[in-house]
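Undergrad: Add 255 to the 1-based position in the sequence shown for the numbering used here, that's all there is to it. Glycine included, C-beta positions come from ideal geometry on N, C-alpha and C. Because the structure is a prediction, the values reported are computed rather than measured.
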Amino acid sequence: MTTASTHTAVLHTNHGDITINLFGNHAPKTVANFVELAQGEREFTDPSTGEPTTRPFFDGLGFHRIISNFMIQGGCPLGTGTGGPGYTFDDEIHPELQFDRKYLLAMANAGKQMGRGTNGSQFFITTAETPWLNGKHTIFGEVADEASQKVVDEIEGVRTAAMDKPVEPVVIEKVDITAK
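#1: If contact is defined by three or more beta carbon pairs under 8 Å, each pair taking one atom from either stretch, is the region 298-310 in contact with the region 267-284?
#2: Between Asn288 and the rest of its own chain, which residues show a CB-CB distance below 7 Å, the 5 nearest in sequence each way excluded?
#3: Over the uninterrupted alpha helix (DSSP H) stretch that includes Glu291, give me the two end residues.
#4: Using the Cα positions of Arg414 and Asp272, report the straight-line distance between them to the nearest angstrom.
#5: Nearest by alpha-carbon distance to Met326: which of Ala365, Thr381 and Pro421 is it?
#6: What does DSSP give as the partner residue(s) for Gly396 in the beta ladder?
#7: Considering only residues of the same chain and omitting the five flanking positions on each side of Ile322, which have a CB-CB separation below 6 Å?
#8: Which residues does DSSP pair with Gly271 in a beta bridge?
#9: So what does DSSP say about Met418, is it helix, strand or coil?
#10: Under the rule that 16 or more other beta-carbon atoms within 10 Å means buried, what is Lys357, buried or exposed?
#11: Around the C-beta of Arg320, are 16 or more other C-beta atoms found within 10 angstroms, so that it is buried, or is it exposed?
#12: According to the Cβ coordinates, are Gly375 and Tyr342 closer than 9 Å?
#13: If I measure Cβ to Cβ from Gly412 and keep anything under 8 Å in the same chain, skipping five residues before and after, which residues do I get?
#14: Just to confirm my understanding: we take Thr393, look at its own chain, exclude 5 residues before and 5 after, and list those with CB closer than 7 Å. What are they?
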């Protein structure tokens, strides 16, 4: 299935570039959140100071959780899987988007809490079909090309330690966004 994209994100990592088509027509709030955090246009709470700030959120963060034949996860400012931007928002589950293939970009969350969504800044890219995630995580993009898929595959293959954390850091050096 080909889903029309509204933006392109390029995650420049220390393993190479990952180009992702973002699905703003299917998940407008989620794409806006990702784009604005990436560009430094959305205010968030700095975890080291507790103060509100704006700067490119993802630059310098790592992929902190890597599970072979499942996914690679990033977007945690603490690098532990417990951090976020200091706010949460609800899922945008679209019936046309299913976890029926590899290389999908989706929001990581902690499920609903008190009837509300727990999306913030953490995201993952699937490395296998993951149908058990349908209806639980907002899909908002897809890896755009074969070269980018190879970078995802390389990251998926890095050695990990406890808590699925990579032994050697896998860093998102910068994220560039282009509107279509």
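TA: In terms of the structure at hand:
#1: no
#2: If you number the sequence shown from 1, residue 288 lands on position 33. Apart from the 5 residues on each side of it in sequence, Asn288 sits with its Cβ closer than 7 Å to the Cβ of Arg297 and Phe344 in its chain, given in chain order.
#3: In the sequence shown, counting from the first residue as 1, residue 291 sits at position 36. According to the DSSP assignment, Glu291 belongs to the alpha helix (DSSP H) that extends over Pro283 to Gln294.
#4: Here residue 414 corresponds to residue number 159 of the sequence shown, with the count starting at 1. Here residue 272 corresponds to residue number 17 of the sequence shown, with the count starting at 1. Rounded to the nearest whole angstrom, the CA to CA distance from Arg414 to Asp272 is 20 Å.
#5: As a first step, residue 326 must be located in the sequence shown, where it is residue number 71. If we check each option's Cα against that of Met326, Thr381 comes out closest.
#6: Within the sequence shown, numbered from 1, the residue matching residue 396 stands at position 141. Leu277 and Leu360.
#7: The residue you call residue 322 lines up with position 67 of the sequence shown. Cβ within range, chain order: Asp419.
#8: Counting from 1 along the sequence shown, the entry for residue 271 is found at position 16. Paired residues: Thr268 and Asn269.
#9: Along the sequence shown, read from residue 1 onward, the residue named residue 418 stands at position 163. The DSSP-derived three-state label of Met418 is helix.
#10: Residue 357 sits at position 102 when you count from the first residue of the sequence shown. The residue in question, Lys357, is buried, as its Cβ has 16 or more Cβ neighbours within 10 Å.
#11: For this step, residue 320 is matched to residue 65 along the sequence shown. Result: buried.
#12: One-based indexing of the sequence shown puts residue 375 at position 120. One-based indexing of the sequence shown puts residue 342 at position 87. Result yes, Cβ atoms of Gly375 and Tyr342 sit closer than 9 Å.
#13: Indexing the sequence shown from 1 puts residue 412 at position 157. The residues are Ser323.
#14: Taking the sequence shown and counting its residues from 1, one reaches residue 393 at position 138. Answer for Thr393: Ala282, Thr285, Asp346, Glu347, Ile348, Ala361, Met362 and Asn374, listed in chain order.
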